[in-house]
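S.K.: Sending over a structure as structure tokens; questions will come in a sec.
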Amino acid sequence: MATRIPGLRRFVPAAGLAALATAVFAHPAPPPPEACPAIDPPSAAVPAGIRAFIDPATGKIRPATLEERRKLAAPVWRDRSGRAYELQIRADGTRIVKLDEAFMMSVVATKNSDGTISYHCRSDRAPAAGGAAEIAK
Amino acid sequence: MRARALGPLVILAGLLLLAPAPARGGAQFVIVNADAAGEGFNDPSPANPVGGNTGTTVGQQRLIAFEEAAAIWGELLDTPVEIRVRATFDPLPCTADQGALGGAFPDAVVSDSPNAPLAGAWYPVALASRLAGEDVDPGSDDITVRFNSDVGQTDCLEGSGWYYGLDGAHGDSFDLVTVLLHELGHGLGFLTLVDESTGEEFMSQPDVFESMILDTQTNKHWTEMTPAERAASAVNGGHVVFDGPAVGAAAPDFLGPFVGVRVDAPGAIAGDLEFTTASFGPVLGSDTLSGELVQATDAADASGPATTDGCSAFSNASQIAGRIALVDRGDCDFVVKAANAQAAGAIAMVVANNVSTQMPGLGGTAPEITIPSIGVNQAEGATLKASLDDGVILSIGTNPRRRAGAGALNRPRLYAPSPTEPGSSISHWDTGATPNLLMEPDLNDDLPHEVDLTLPLLRDIGWRSDTVPETADRETPDGADAERSPQTVEDRP
Numbered sequence: 001m002a003t004r005i006p007g008l009r010r011f012v013p014a015a016g017l018a019a020l021a022t023a024v025f026a027h028p029a030p031p032p033p034e035a036c037p038a039i040d041p042p043s044a045a046v047p048a049g050i051r052a053f054i055d056p057a058t059g060k061i062r063p064a065t066l067e068e069r070r071k072l073a074a075p076v077w078r079d080r081s082g083r084a085y086e087l088q089i090r091a092d093g094t095r096i097v098k099l100d101e102a103f104m105m106s107v108v109a110t111k112n113s114d115g116t117i118s119y120h121c122r123s124d125r126a127p128a129a130g131g132a133a134e135i136a137k
Numbered sequence: 001m002r003a004r005a006l007g008p009l010v011i012l013a014g015l016l017l018l019a020p021a022p023a024r025g026g027a028q029f030v031i032v033n034a035d036a037a038g039e040g041f042n043d044p045s046p047a048n049p050v051g052g053n054t055g056t057t058v059g060q061q062r063l064i065a066f067e068e069a070a071a072i073w074g075e076l077l078d079t080p081v082e083i084r085v086r087a088t089f090d091p092l093p094c095t096a097d098q099g100a101l102g103g104a105f106p107d108a109v110v111s112d113s114p115n116a117p118l119a120g121a122w123y124p125v126a127l128a129s130r131l132a133g134e135d136v137d138p139g140s141d142d143i144t145v146r147f148n149s150d151v152g153q154t155d156c157l158e159g160s161g162w163y164y165g166l167d168g169a170h171g172d173s174f175d176l177v178t179v180l181l182h183e184l185g186h187g188l189g190f191l192t193l194v195d196e197s198t199g200e201e202f203m204s205q206p207d208v209f210e211s212m213i214l215d216t217q218t219n220k221h222w223t224e225m226t227p228a229e230r231a232a233s234a235v236n237g238g239h240v241v242f243d244g245p246a247v248g249a250a251a252p253d254f255l256g257p258f259v260g261v262r263v264d265a266p267g268a269i270a271g272d273l274e275f276t277t278a279s280f281g282p283v284l285g286s287d288t289l290s291g292e293l294v295q296a297t298d299a300a301d302a303s304g305p306a307t308t309d310g311c312s313a314f315s316n317a318s319q320i321a322g323r324i325a326l327v328d329r330g331d332c333d334f335v336v337k338a339a340n341a342q343a344a345g346a347i348a349m350v351v352a353n354n355v356s357t358q359m360p361g362l363g364g365t366a367p368e369i370t371i372p373s374i375g376v377n378q379a380e381g382a383t384l385k386a387s388l389d390d391g392v393i394l395s396i397g398t399n400p401r402r403r404a405g406a407g408a409l410n411r412p413r414l415y416a417p418s419p420t421e422p423g424s425s426i427s428h429w430d431t432g433a434t435p436n437l438l439m440e441p442d443l444n445d446d447l448p449h450e451v452d453l454t455l456p457l458l459r460d461i462g463w464r465s466d467t468v469p470e471t472a473d474r475e476t477p478d479g480a481d482a483e484r485s486p487q488t489v490e491d492r493p
């Protein structure tokens with residue numbers, strides 16, 4: 001049985017929704033969904049309710065285009081540097097995100113002025129240099 | 001370091017191998033050779049066998065070293081799903097004095113997969129597959145590893161090349177197996193995805209490593225914190241620990257006695273003192289000592305403009321002799337201050353930080369220094385200085401009830417420097433661990449080819465196994481090495 005972590009919040013995709021709004025009908029006052037459900041293919045995670053797509057230009061309900069459906073099914077999240085990460089949601093609810101070299105943990109070797117070598121592990125999210133010289137004085 | 005016999009290897013360059021899962025406990029790594037012909041793992045340059053590595057070309061030796069590291073991990077982990085490591089040996093950014101040796105990252109993170117103990121939490125893909133009992137991302141690799149093929153060449157750390165031997169006798173060269181063990185540790189899950197600078201979680205979800213990070217001052221796990229609280233905790237050095245049961249149980253097996261510095265007098269400030277250690281001088285705690293702390297003074301000169309920086313010969317040497325010298329950080333190297341303190345007859349040196357950020361470890365090399373040195377934060381330094389007239393007595397010695405690198409309840413500390421060091425902060429053990437650990441941010445030369453306290457941590461996040469002992473010592477009683485699963489090499493077409 002799965003355990004929920006204290007303070008856990010579910011991912012709520014923001015990107016890809018700019019041109020669309022999602023409404024839920026047919027069931028009175030359902031609790032707000034924790035996450036925007038995958039719609040392509042229809043997800044078992046949302047067993048009840050009908051989703052409609054409102055064209056922001058006309059304000060009318062219309063079917064989503066294939067591209068709009070793809071975007072909703074694969075929400076994109078950006079970190080503070082603007083790198084984009086795409087969430088894939090499988091039919092069984094498994095959520096997968098491919099990482100990139102921003103998460104590379106690299107060992108950097110530095111030759112010190114006294115001829116010794118020091119090693120430091122950092123990620124590519126770190127500044128390119130700095131810090132090492134400060135610890136000598 | 002202990003030499004180890006190399007287990008059977010499967011090196012079939014040019015063939016596509018899909019090895020079956022191992023019949024016994026263990027993990028099957030598949031090294032996916034993604035290098036082009038004639039370079040990296042396929043470098044045909046002749047090489048003499050070295051340190052148990054029987055390869056006769058540079059490419060072969062690189063591959064054998066990779067397999068050695070994979071075999072060490074593979075023997076200790078347990079998964080029915082092969083772990084695919086995409087590996088390359090390519091030129092990476094490098095200068096004469098500094099360069100990337102290599103790195104790794106999990107190719108994907110997964111949440112809410114079958115049998116994942118924590119709902120809504122990211123797991124590295126290899127671990128998610130292990131928990132699910134099937135490959136949750138079929139057709140993809142699990143870990144990407146990239147190493148620098150230029151190391152040792154002109155303008156790239158020239159004179160300090162790779163050591164491909166398997167015996168750890170690397171001398172002044174870079175031990176590839178050690179660096180690989182460290183990097184594979186990250187790829188298997190020894191990392192948090194949290195942005196340490198902002199405290200933001202990756203895609204607004206926690207990760208399984210994060211779920212066991214505990215701040216002992218707020219007594220909150222990171223998953224119970226706001227981003228701002230996490231960012232504050234990330235620089236709360238000495239108070240951030242890994243709160244996993246396997247790690248807590250194993251810590252006494254891997255961490256030595258804690259060396260403490262205590263203020264014995266005056267009573268108003270008596271108590272344990274937080275401090276950092278030095279890379280030079282004797283190992284702290286090798287001898288118990290006690291003495292009065294005295295502010296050292298020296299000339300304001302070209303060596304250092306302050307009269308308390310300890311950068312010149314002390315002007316109050318007669319007061320320092322037989323006592324503990326207190327100097328301020330700044331203006332010159334720590335080893336210069338220590339040399340001046342020693343010349344004045346001090347029995348130890350305390351360096352007070354001159355800025356409000358966390359005091360770093362005292363770096364430098366000086367074989368001639370024979371007195372111990374420590375560093376203290378600016379605030380603690382101010383407290384000590386304010387009490388000097390009342391007679392501050394410090395004692396340095398071991399505390400058998402505590403472990404070096406661990407906080408209360410023997411929970412090992414995580415690296416939490418201030419300011420934060422992205423990628424280094426939190427995703428490594430604290431540098432105060434003694435003996436040194438594989439997953440400290442500063443890899444040490446004395447590391448054996450073992451995975452020490454890292455294995456219990458991986459077990460805590462989900463890499464459990466009933467087939468291996470609780471400690472990471474893999475030697476059999478007669479000193480022979482345990483059998484290893486053969487690892488597989490696959491050439492990417």
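Chains A and B are the protein sequences, given in the same order. When we follow the working numbering, the leftmost residue of the first sequence carries the number 1, and every step to the right adds one. When we follow the working numbering, the leftmost residue of the second sequence carries the number 1, and every step to the right adds one. Ideal Cβ positions, reconstructed from N, Cα and C, are used throughout, including at glycine.
(1) Whole angstroms is fine: what's the gap from T58(A)'s alpha carbon to R78(A)'s?
(2) Should the stretch 291–300 of chain B be regarded as contacting the stretch 343–357 of chain B, the criterion being three or more beta carbon pairs within less than 8 Å?
(3) Can you find a C-beta in chain A that's less than 9 Å from the C-beta of N444(B)?
(4) Buried or exposed: where does N340(B) fall if 16 or more other Cβ atoms within 10 Å of its Cβ makes it buried?
(5) Contact between the stretch 394–409 of chain B and the stretch 253–267 of chain B: three or more CB pairs below 8 Å?
(6) Taking Cβ positions, are L457(B) and V241(B) nearer each other than 9 Å?
(7) Taking Cβ-Cβ distances shorter than 9 Å, what residues in chain A pair up with A503(B)?
(8) Tell me the residue span of the alpha helix (DSSP H) that contains Q217(B).
(9) Examine the Cβ distances between the stretch 275–291 of chain B and the stretch 363–381 of chain B and report whether three or more of them are shorter than 8 Å.
(10) Look at the alpha carbon of F209(B) and the alpha carbon of F29(B), and state the distance between them as a whole number of angstroms.
(11) So if DSSP puts F275(B) in a beta bridge, which residue, or which two residues, is it bridged to?
(12) Note down, in chain order, all residues in the stretch 173–194 of chain B with a beta-carbon under 7 Å from any beta-carbon belonging to chain A.
(13) Determine the DSSP secondary structure at R459(B), reduced to helix, strand or coil.
(14) Hey, quick one: how far does the alpha helix (DSSP H) through G526(B) stretch, first residue to last?
(15) Mind checking L409(B): buried by the 16 CB within 10 Å criterion, or exposed?
(16) Could you list which residues in chain B have their beta carbon closer than 7 Å to that of R95(A), in chain order?
(17) Show which residues of chain B have a CB atom less than 9 Å away from the CB atom of R80(A).
(18) So what's I72(B) in DSSP terms, helix, strand or just coil?
(19) State the DSSP-derived secondary structure class of V336(B), mapped to helix, strand or coil.
(20) Mind reading off the beta-carbon distance from S129(B) to R122(A)? Whole number of angstroms is fine, and I expect it under 8 Å.
(21) Sort out for me which residues DSSP pairs F202(B) with in a bridge.
(22) Taking C-beta pairs closer than 8 Å, name the residues in chain B that T116(A) reaches, listed in chain order.
(23) Any beta carbon of chain B sitting closer than 9 Å to that of D92(A)?
(24) Going straight from the alpha carbon of N237(B) to that of D55(A), what length do you get?
(25) Which two residues bound the contiguous beta strand (DSSP E) that contains D495(B)?
(26) Please list the partners that V136(B) has in chain A, where partner means a Cβ-to-Cβ separation under 9 Å.
(27) Only counting runs of 3 or more residues, tell me where the beta strand (DSSP E) segments fall wholly within the stretch 305–362 of chain B, in order along the chain.
(28) Relative to the C-alpha of A234(B), which candidate in T198(B), A251(B), G330(B) has its C-alpha closest?
(29) Below 6 Å CB to CB, which residues in the same chain sit around L362(B) once its five sequence neighbours on both sides are set aside?
(30) Cβ of G407(B) within 9 Å of Cβ of T276(B)?
(31) Using a Cβ-Cβ cut-off of less than 8 Å, give me the residues of the stretch 298–331 of chain B that come near chain A, in sequence order.
(32) Does the stretch 58–72 of chain B come into contact with the stretch 41–48 of chain B, if we say contact requires no fewer than three beta-carbon pairs (one atom in each stretch) closer than 8 Å?
(33) Please report whether the beta-carbon of L455(B) lies at a distance below 9 Å from any beta-carbon of chain A.
(34) Could you check if V355(B) is buried or exposed, using at least 16 other CB atoms within 10 Å of its CB as the buried criterion?
(35) If you count every other CB in all the chains shown that lies within 10 Å of the CB of Q358(B), and 16 or more means buried, which is it?
(36) Closer than 9 Å, CB to CB, is D55(A) near chain B or not?
M.R.: This is what the structure gives:
(1) Numbered from its first residue, the first sequence carries residue 58(A) at position 58. Numbered from its first residue, the first sequence carries residue 78(A) at position 78. The alpha-carbon atoms of T58(A) and R78(A) are separated by roughly 29 Å.
(2) yes
(3) For this step, residue 444(B) is matched to residue 444 along the second sequence. N444(B) belongs to the set of residues whose beta carbon lies under 9 Å from a beta carbon in chain A.
(4) On the second sequence, position 340 is the one that residue 340(B) refers to. The residue in question, N340(B), is buried, as its Cβ has 16 or more Cβ neighbours within 10 Å.
(5) yes
(6) The residue you call residue 457(B) lines up with position 457 of the second sequence. The residue you call residue 241(B) lines up with position 241 of the second sequence. No; because the gap between Cβ atoms is not below 9 Å, this pair is not in contact.
(7) In this structure chain B extends from 1 to 493, so residue 503(B) is not present and cannot be described.
(8) Against the second sequence, residue 217(B) aligns to sequence position 217. Element bounds for Q217(B): n/a, residue is neither H nor E.
(9) Under the three-pair Cβ rule at 8 Å, the stretch 275–291 of chain B counts as touching the stretch 363–381 of chain B.
(10) Stepping through the second sequence from its first residue, residue 209(B) is reached at position 209. Stepping through the second sequence from its first residue, residue 29(B) is reached at position 29. Looking at the two C-alpha atoms, the distance is approximately 22 Å.
(11) Taking the second sequence and counting its residues from 1, the one referred to as residue 275(B) is at position 275. Its beta-bridge partners do not exist; DSSP assigns none.
(12) Look at the stretch 173–194 of chain B: the residues with a C-beta under 7 Å from a C-beta of chain A are F174, V179, H182, E183, H186, L191.
(13) By one-based count along the second sequence, residue 459(B) stands at place 459. Shown here, R459(B) sits in a helix according to DSSP, grouped into three states.
(14) Absent from the structure is residue 526(B), since the part of chain B shown begins at 1 and ends at 493.
(15) Working through the second sequence from its first residue, we reach residue 409(B) at position 409. Classification of L409(B): exposed, given that the 10 Å Cβ count is below 16.
(16) Along the first sequence, one-based indexing puts residue 95(A) at 95. In chain order: V110, S111, D112.
(17) Residue mapping note: residue 80(A) aligns to position 80 of the first sequence, counting from 1. D195, S197, T198, E200, listed in chain order.
(18) Working through the second sequence from its first residue, we reach residue 72(B) at position 72. Three-state DSSP puts I72(B) in a helix.
(19) Counting from 1 along the second sequence, the entry for residue 336(B) is found at position 336. Correct three-state label for V336(B): helix.
(20) Your numbering for residue 129(B) matches position 129 in the second sequence. Your numbering for residue 122(A) matches position 122 in the first sequence. Contact flag wrong, Cβ pair sits at about 28 Å.
(21) For this step, residue 202(B) is matched to residue 202 along the second sequence. F202(B) is not bridged to any residue.
(22) Position 116 of the first sequence, counting from 1, holds the residue named residue 116(A). Within 8 Å Cβ-Cβ: T365.
(23) Taking the first sequence and counting its residues from 1, one reaches residue 92(A) at position 92. Yes, contact with chain B.
(24) Counted from its first residue, the second sequence places residue 237(B) at position 237. Counted from its first residue, the first sequence places residue 55(A) at position 55. The sequence given here has Gly at residue 237(B), not Asn. Spanning the two alpha carbons is a distance of roughly 51 Å.
(25) Not covered by the structure: residue 495(B). The range shown for chain B is 1 to 493.
(26) Position 136 of the second sequence, counting from 1, holds the residue named residue 136(B). In chain order: R90, T94, I96.
(27) 324–328, 348–352
(28) Translated into the one-based positions of the second sequence, residue 234(B) becomes position 234. Distance from the Cα of A234(B) is smallest, within the candidate group T198(B), A251(B), G330(B), for T198(B).
(29) Residue numbering aside, residue 362(B) sits at position 362 when the second sequence is read from its first letter. Closer than 6 Å at Cβ, skipping near neighbours: A278, F334, S373, G375.
(30) Here residue 407(B) is taken as the residue at index 407 of the second sequence, counted from 1. Here residue 276(B) is taken as the residue at index 276 of the second sequence, counted from 1. No, the pair does not count as a contact, with Cβ atoms beyond the cut-off.
(31) R329, G330, D331
(32) A contact is defined here as three or more CB-CB pairs under 8 Å, and the stretch 58–72 of chain B meets this definition with respect to the stretch 41–48 of chain B.
(33) The sequence position of residue 455(B) within the second sequence is 455, counting from 1. Chain A contact via Cβ: absent.
(34) The count along the second sequence starts at 1 and reaches residue 355(B) at position 355. V355(B) should be labelled exposed.
(35) Numbered from its first residue, the second sequence carries residue 358(B) at position 358. By the neighbour-count rule (16 or more Cβ atoms within 10 Å), Q358(B) is buried.
(36) Within the first sequence, numbered from 1, the residue matching residue 55(A) stands at position 55. Judged by the 9 Å Cβ criterion, D55(A) is not in contact with chain B.
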